[in-house]
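Below: the structure, in structure tokens.
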Amino acid sequence: MNQYNVSFNSSGGTEVADVAVNHGATLSAPTAPSRTGYTFTGWYTDADRTQLFNFAGTVITGNIQLYAGWSINQYSVSFNSGGGTAVADVPVTYGSTISAPTAPTRTGYRFTSWYSDAALTQTLRFCEYSDHDKYTTICGLEYQSVHRQL
Numbered sequence: 201m202n203q204y205n206v207s208f209n210s211s212g213g214t215e216v217a218d219v220a221v222n223h224g225a226t227l228s229a230p231t232a233p234s235r236t237g238y239t240f241t242g243w244y245t246d247a248d249r250t251q252l253f254n255f256a257g258t259v260i261t262g263n264i265q266l267y268a269g270w271s272i273n274q275y276s277v278s279f280n281s282g283g284g285t286a287v288a289d290v291p292v293t294y295g296s297t298i299s300a301p302t303a304p305t306r307t308g309y310r311f312t313s314w315y316s317d318a319a320l321t322q323t324l325r326f327c328e329y330s331d332h333d334k335y336t337t338i339c340g341l342e343y344q345s346v347h348r349q350l
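If you read the sequence shown in my numbering, its first letter stands for residue 201, the second for the next number, and so on.
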């Protein structure tokens, strides 16, 4: 009986091993690859990722290469204004940077900066920020007459 090779092009994801399949058999889907910042959308028969491969319904009659499909992750960065006026969440695509939102206001306080930690020790530099493992940003507010940071 003839055997055919099914190869998997992970398109930047973790490697998936080729599989030998007997002529006329179907193939079970392999464990999905992973790729930082992306969600796996399935295996496709074409490099343009327009034809999703049907594992249960496709009989293998020759060598075939399948291509991993990916969608880039979208995140929402939220801001804790420390009791100041609300700041809207900012949508961001993985790997992108965001601009600083309008500073919040709070009576008796002066906005100092945005921070990426609750202890207010890590000043956030928006032109460099693309760490999407952190979902909340915290702002520092300074009391105007005492100049004490909260």
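Ideal placement from N, C-alpha and C gives every residue a C-beta, glycine not left out. The model shown is predicted, which means the values in this text are computed figures rather than measured ones.
{"Check": "Just to confirm, are residue 260 and residue 221 a CB contact at a threshold of 8 Å?", "Outcome": "yes"}
{"Check": "At a cut of 8 Å, does the stretch 287–297 reach the stretch 239–255 through at least three beta carbon pairs?", "Outcome": "no"}
{"Check": "For residue 268, does the count of other Cβ atoms within 10 angstroms reach 16, so buried, or fall short, so exposed?", "Outcome": "buried"}
{"Check": "Could you name the residues of the same chain whose beta carbon sits closer than 6 Å to that of residue 245, not counting the 5 residues immediately before and after it, in chain order?", "Outcome": "251 and 253"}
{"Check": "Within the same chain, show all residues whose beta-carbon is closer than 6 Å to that of residue 264, passing over the 5 residues directly before and after it, in chain order.", "Outcome": "206"}
{"Check": "Expressed to the nearest angstrom, what Euclidean distance is found between the alpha-carbon atoms of residue 209 and residue 266?", "Outcome": "6 Å"}
{"Check": "Taking the beta carbon of residue 329 as the centre, do at least 16 other beta carbons fall within 10 Å, making it buried, or is it exposed?", "Outcome": "The predicted position of residue 329 is uncertain, since its pLDDT is 43 and thus under 50; a value taken from the coordinates is nonetheless stated next. Buried: at least 16 other Cβ atoms inside 10 Å."}
{"Check": "Within a Cβ cutoff of 8 Å, which residues of the same chain sit near residue 326, ignoring the five residues on either side of it in sequence?", "Outcome": "297, 298, 299, 300 and 314"}
{"Check": "With DSSP collapsed to three states, give me the class of residue 235.", "Outcome": "coil"}
{"Check": "Name the DSSP beta bridge partners of residue 268, please?", "Outcome": "243"}
{"Check": "Can you find the residues in the same chain that come closer than 7 Å, C-beta to C-beta, to residue 228, ignoring five residues on each side of it along the sequence?", "Outcome": "255"}
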